[in-house]
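Here is the structure we will look at.
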Amino acid sequence: MSDPAEFVPKSDFLRIMRERGFIHQCTDMEALDAAALAGPVTTYVGYDATADSLHIGHLISIMMLRWLQKTGHKPIVLMGGGTTKVGDPTDKDQQRPLLSDETIAANIASIRQTFAKFLTFGEGPTCAIMGNNAEWLEKLGYVEFLREYGVHFTVNRMLSFDSVKLRLEREQPLSFLEFNYMLMQATDFLELHRRYGCVLQMGGSDQWGNIVNGVELVRRVAQKAAFGLTTPLLTTSSGQKMGKSVGGAVWLNADKLSPYDYWQMWRNTEDADVGRFLKLFTDLPLDEIARLEALRDAEINEAKKILANEATTLLHGAEAAATAAGAAKAAFEEGRLSADLPTHETPRAELEAGVPLATLAADAGLASSRSEARRLAQGGGLRLNDAPESDGQRMITLADCNSEGLIKLAAGRKKIVLVKPV
RNA sequence: GGGGGAAUGUCCCGAGCGGCAAAGGGGGCGGACUGUAAAUCCGCUGGCGUACGCCUUCGUAGGUUCGAGUCCUACUUCCCCCA
């Protein structure tokens with residue numbers, strides 16, 4: 102492994118990856134750079150189908166694939182229909198519940214649409230293609246698997262990888278099922294190499310061990326050079342793991358996190374992270390980013406808006422981004438309502454009878470339960486039409502509608518929902 | 001094979017003489033301060049109910065007891081010691 106910090110790549114792809122902060126580790130920067138100069142490098146990233154949407158943690162690798170394609174190489178998006186059935190032990194203390202075939206299939210169907218927004222799929226030489234490792238993993242017989250692939254791995258070595266080592270050190274059980282995960286991922290790489298000439302696997306830094314195993318398997322079995330490249334863990338400057346938004350994970354599917362909330366998440370980036378995130382999550386040129394991150398104090402808010410606009414445009418489209426920006430501007434800068442704010446519809450009949458504030462707030466998604474909404478109100482965090490309302494029991498009726506026939510509820514300064522009688 | 005320990009509020013770590021919705025951190029959320037930032041200070045942090053209240057939680061399954069996270073039995077997983 103060469104130190105990626107010292108080598109200066111000549112290929113467009115690696116140069117850009119370096120400049121923009123995508124690279125954490127690489128199995129062999131110099132050789133990979135040479136390969137990228139020589140012609141299209143077919144590259145894959147794997148995504149397990151553990152949920153019905155990808156989240157922001159996946160976005161770095163998607164952006165990498167995007168740059169890869171832009172610089173003349175071929176991306177493969179591999180859905181982990183097979184590996185999801187086994188479960189990656191990385192960074193987990195416990196095996197997650199095994200997902201059913203139906204759930205996995207549904208998750209894949211729900212996830213795949215995201216990639217079309219960032220990559221161009223098709224038949225061309227640098228067009229992205231999508232695969233599913235269930236296609237080959239599920240056909241493997243046990244003895245065949247052991248003889249064909251198992252011989253190339255030593256348990257000694259497997260125990261040395263963090264995903265396994267940490268679990269053992271933390272005294273958490275690691276089932277034999279999960280222990281096999283890295284072998285399955287390694288066979289993916291080999292299979293993709295055989296089918297498409299894939300020679301590079303990328304992923305998050307936590308995937309290093311899994312990736313290295315695949316690289317070695319390709320080298321050993323196919324006698325071909327193969328490479329691995331990982332990205333740094335996505336964290337914020339102050340806190341830790343990034344990936345929180347208005348109460349929960351930052352999902353990429355619009356039905357799990359609205360474009361408005363997605364825009365807000367970026368808008369609320371910490372000052373210290375603005376430059377880094379612009380480089381990772383937008384296509385803006387570096388000199389423009391340098392100008393933006395040099396802004397200080399209140400002015401850096403402009404950079405955050407650009408970050409939010411750009412990132413939201415990539416995922417949800419320019420229109421959705423503009424709508425989100427407009428709603429935010431109206432609500433936060435001009436103090437007026439916008440119909441584009443998140444809206445919760447409540448049957449008119451219920452409001453005629455009266456609904457307790459806490460109930461309405463919980464239903465509207467401002468709190469996860471009525472109790473929480475009540476506590477929120479008592480703590481002064483719940484506002485009804487901009488006025489703090491500490492009584493969660495207070496009955497809300499149509500009389501609370503403003504001139505536009507809406508009721509504005511807010512939890513804290515940033516979570517706003519318009520209740521609309523229907 | 002034998003002996004001794006450990007699993008706690010479904011985010012994490014962690015205290016817990018038989019009366020416990022369960023100490024304390026971290027995290028998260030809210031308030032103040034700000035720039036929809038960070039830092040700092042303060043509050044909240046199982047669910048349901050307008051309310052005296054009710055319900056569900058301490059690895060799993062049983063048992064003792066008016067009453068069990070706390071005692072007993074079996075099981076699961078992990079650690080340590082002796083073989």
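Residue 500 in the working numbering sits at position 399 of the first sequence, with consecutive numbering throughout.
Note that CB positions come from ideal geometry on N, CA and C, so glycine has one too.
The ligand FMN heavy atom lying under 6 Å from the CB of residue i
i, result
"V300", "This structure does not include the ligand FMN; it has no bound ligands of any sort."
Element boundaries [beta strand (DSSP E), containing residue i]
i, result
"G304", "L301 to G305"
"V178", "K175 to G181"
"T143", "T143 to D149"
"R484", "L483 to L485"
Assigned secondary structure, residue i (DSSP; H/G/I helix, E/B strand, else coil)
i, result
"V313", "helix"
"H125", "coil"
"E222", "According to the sequence displayed, residue 222 carries Phe and not Glu. DSSP places F222 in strand when its eight states are reduced to three."
"E389", "helix"
"N503", "coil"
"G427", "helix"
"V187", "coil"
"V520", "strand"
"A512", "strand"
"G344", "Confidence at G344 is low in this model, with a pLDDT of 49, below 50, so its placement is unreliable and the value that follows should be read with caution. G344: coil per DSSP, three-state reduction."
"P61", "No statement about residue 61 is possible, as the shown extent of the chain runs from 102 to 523 and does not include it."
"D464", "helix"
"N216", "Just to set this straight, residue 216 is Phe in the shown sequence, not Asn. DSSP places F216 in helix when its eight states are reduced to three."
"A152", "coil"
"K266", "helix"
"S103", "Caution applies to S103, whose pLDDT of 48 falls short of 50 and renders its modelled position unreliable; the model cannot decide the point."
"E239", "coil"
Proximity below 7 Å, CB of residue i to CB of residue j
i, j, result
"G181", "D149", "yes"
"D153", "S211", "yes"
"V178", "M231", "yes"
"L510", "A459", "no"
"M303", "V523", "no"
"K380", "G122", "yes"
"V520", "T413", "no"
"L408", "F378", "yes"
"L442", "I497", "no"
"L93", "F328", "A query on residue 93 cannot be resolved here, the shown segment of the chain reaching from 102 to 523 and no further."
"G310", "S264", "yes"
"R167", "F219", "yes"
Residues bridged to residue i [DSSP beta-bridge criterion]
i, result
"I401", "Paired residues: none, contrary to the question."
"L353", "Note: L353 sits in no beta bridge, so no partner."
"I497", "V456"
"T332", "G305"
"T444", "L519"
"G79", "Within the shown structure, residues of the chain are numbered from 102 to 523, placing residue 79 beyond reach of any answer."
"A488", "L485"
"H417", "None, per the DSSP bridge assignment."
N- and C-terminal bounds of the alpha helix (DSSP H) containing residue i
i, result
"F378", "V375 to F382"
"Q170", "I157 to K171"
"H253", "That residue, H253, is in no alpha helix (DSSP H); it is neither H nor E in DSSP."
"S472", "R471 to Q479"
"Q286", "Y282 to Y297"
**Study point:** Cβ contact check for the segment 413–428 and the segment 471–487: 3 or more pairs under 8 Å
**Key:** no
Check your understanding: Should the segment 152–166 be called in touch with the segment 351–358, which here means at least 3 C-beta pairs below 8 Å?
Key -> yes
Review point. Per the contact definition of three or more C-beta pairs closer than 8 Å, is the segment 479–496 in contact with the segment 414–425?
Key: Output reads no: the segment 479–496 does not touch the segment 414–425.
**Study point:** the segment 133–147 contacting the segment 292–300, beta-carbon criterion three pairs below 8 Å
**Key:** yes
Check your understanding: Would you call the segment 200–220 and the segment 254–270 touching, i.e. three or more CB-CB distances under 8 Å?
Key -> no
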